[in-house]
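Participant: Have a look at this one.
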Amino acid sequence: MDNIITKHQLSGQETKVTGTDNYRNYERSHQIVIENKVDISGSSDPAFRGDKTKHNPEDLLVSSLSSCHMLWYLHLCSEAGVIVTDYIDNATGIMIETSNGGGQFKEVTLNPIVTVTELQMVDKANELHKKANELCFIANSVNFPVRHNPTAKI
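Start counting the sequence shown at 0; every next residue gets the next number (numbering that gives the first Met the number 0).
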């Protein structure tokens, strides 16, 4: 199979007048720019002097895992004859700080609530989450567990 290469460009906004002469002085806001796609406004987490109204890298990682899982899951449901009419995920991530001031994710848990059209689809709907996790490029690329607490309902 051919390798797929994606290219991303991160565009930083101007920093405050004093630049990075002090931890409190530089601007954390930036734009994520990918050709032919809508820009994403980003910043650091508010705990690190970021803008709470903008996406931070940790938000985007958890969202990427959730989105990748959902897209694979819906694909598998369509192939298996499971008709999904609604999909909501309240994904959460647990991070730990390391002694050097950095950190890492300990785990991410996806909590998809899936609505299907018929009772006999519920068991299969729940089963397909395991296969979706096995196929998700993002879940296969992280070094921490991605857990699932799926709920299927009519």
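The C-beta atom is built at its ideal place from N, Cα and C for all residues, glycine as well. These numbers were taken from a predicted model, which means no experiment stands behind them.
Since Thr116 and Ile82 are thought to touch, with beta carbons under 8 angstroms apart, how far apart are those beta carbons, to the nearest angstrom?
Facilitator: Their Cβ separation, rounded to whole angstroms, is 4 angstroms, which keeps Thr116 and Ile82 in contact under 8 angstroms.
Participant: Does the beta-carbon of Val16 have 16 or more other beta-carbons within 10 angstroms, so that it is buried, or is it exposed?
Facilitator: Confidence is the limiting factor: at Val16 the pLDDT is only 44, short of 50, which leaves the residue's position unreliable and the question unanswerable from this model.
Participant: I need the boundaries of the alpha helix (DSSP H) containing Ser66, first residue and last residue.
Facilitator: Per DSSP, Ser66 belongs to the alpha helix (DSSP H) from Pro56 to Ala79.
Participant: Rounded to whole angstroms, what's the CA-CA distance from Tyr86 to Thr97? Just pull it up for me.
Facilitator: Each residue's Cα considered, the two are about 35 angstroms apart.
Participant: For Leu118, which residues of its own chain have a beta-carbon under 8 angstroms away from its beta-carbon, when the five flanking residues on both sides are left out?
Facilitator: So the qualifying residues of the chain are Ile153.
Participant: Could you have a look at Pro111 and say whether DSSP puts it in helix, strand or coil?
Facilitator: Strand.
Participant: On the criterion of 16 or more Cβ atoms from any shown chain inside 10 Å, does Ala131 qualify as buried, or is it exposed?
Facilitator: Its Cβ being crowded by 16 or more others within 10 Å, Ala131 is buried.
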